[in-house]
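*Asks:* Quick one: the structure is below, and I'll ask about it shortly.
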Amino acid sequence: MKNEELILEAKKAREKSYSPYSHFQVGAALLAKSGKIYHGCNIENAAYTPTNCAERTAFFKAVSEGETEFEKIAIVGGVEGKEPDGMCAPCGVCRQVMMEFCNPEEFQIVLMDEEGRHKEFLLKELLPYGFKL
Ligand code: THU
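Residue numbers for the sequence shown follow the working numbering, so the first one is 269 and each next one is one higher.
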């Protein structure tokens, strides 16, 4: 699947964002090696710490459905009511969750820059020396 298409799926996922506290909406589209796409959005909470990022929502949905092998993830984020206007790079916790299920030399993270251009990174670039048992 092309990065452009996966970014479109991430934008669709972002529409479901539950973010009444930060008003920052994030969407992720995770492509499994099976070819299936799992969508995720950020889900906030009044107590703040239970908040789940879009990327982890997508991963946890996928893993709970039996998927364990992944090819790439597209992520878009931005202030509510506006189109995303800059790169939304995954937080450290989400990078570590990716590390659990993905080969850092192969798994791709697709982001969108200010100009709407797609940037592709390998997990090993965003999480060098990530922890794995
Ligand atoms: N957020 C994500 O969903 N993914 C990230 O990689 C960074 C941050 C969410 C968490 C919170 O709901 C909002 O963005 C503002 O931090």
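No residue lacks a Cβ here, since even glycine has one placed at the ideal position from N, Cα and C. Quantities reported herein were computed from a predicted structural model and do not represent experimental measurements.
CA-CA distance, Ile275 and Pro288?
*Replies:* Answer to the nearest angstrom: the Cα atoms are 23 Å apart.
*Asks:* Between Ala357, Met269, Leu394 and Glu348, which has its C-alpha nearest His291's C-alpha?
*Replies:* The shortest C-alpha separation from His291 is found at Glu348.
*Asks:* Check each residue's C-beta against every heavy atom of ligand 1 and list, in chain order, those closer than 6 Å.
*Replies:* Answer in sequence order: Ser287, Ser290, Phe292, Val294, Asn310, Glu312, Thr319, Cys321, Ala322, Glu323, Pro358, Cys359 and Cys362.
*Asks:* Put Met380 into one of helix, strand or coil per three-state DSSP.
*Replies:* Three-state result, Met380: strand.
*Asks:* In terms of residue numbering, what span does the beta strand (DSSP E) encompassing Glu339 cover?
*Replies:* Here the beta strand (DSSP E) through Glu339 covers Phe338 to Val347.
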